[in-house]
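Down below is the structure, laid out as structure tokens.
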Amino acid sequence: MEEKMRFAVLLCVDDSEYVKETYGGYFGVFLDLLAEEGELWDLYRVADGDFPTDRRLSLCDGFVVTDSCNDAHSDDDDLAFDGSVEGA
Numbered sequence: 001m002e003e004k005m006r007f008a009v010l011l012c013v014d015d016s017e018y019v020k021e022t023y024g025g026y027f028g029v030f031l032d033l034l035a036e037e038g039e040l041w042d043l044y045r046v047a048d049g050d051f052p053t054d055r056r057l058s059l060c061d062g063f064v065v066t067d068s069c070n071d072a073h074s075d076d077d078d079l080a081f082d083g084s085v086e087g088a
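Under UniProt numbering, the residue at position 11 of the sequence shown is numbered 11, and the numbers go up by one with no gaps.
This is the structure:
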């Protein structure tokens, strides 16, 4: 039996209303673009603090890390990255 490849999307941004309505969210966009039959895909909403465990990471063959509107150098408190990474 052939082992299925597993991938994870690390979503670094909230879904826009347009993307929710059109694709069911950004995860749907990446599945439409990249997924092939028989693959397993997981979603982690890292923008909301949902990170994969080390065990889950070890099961993945590849990752998609999305773009983010946050900026490590921004003076705008709404966009600035606060420097914290859970589990680091």
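Note that beta-carbon positions come from the ideal geometry of N, C-alpha and C, so glycine has one too.
| Query | Result |
| --- | --- |
| Would you decide whether Tyr26 is buried or exposed? Buried here means 16 or more other CB atoms lie within 10 Å of its CB. | buried |
| Does the segment 47–59 come close enough to the segment 19–35 that 3 or more CB-CB pairs lie under 8 Å? | no |
| Using the three-state DSSP reduction, which class does Ala8 fall into: helix, strand or coil? | strand |
| Would the beta-carbon of Asp54 fall within 7 Å of that of Arg6? | no |
| Please list, in chain order, all residues of the same chain as Lys4 whose beta carbon is under 7 Å from its beta carbon, the five residues on each side excluded. | Gly38, Glu39, Leu40 |
| Could you check where the alpha helix (DSSP H) with Val19 kicks off and where it finishes? | 17–23 |
| On the premise that Thr66 lies in contact with Val19, defined as a C-beta separation below 8 Å, what is that separation, rounded to the nearest angstrom? | Contact flag wrong, Cβ pair sits at about 11 Å. |
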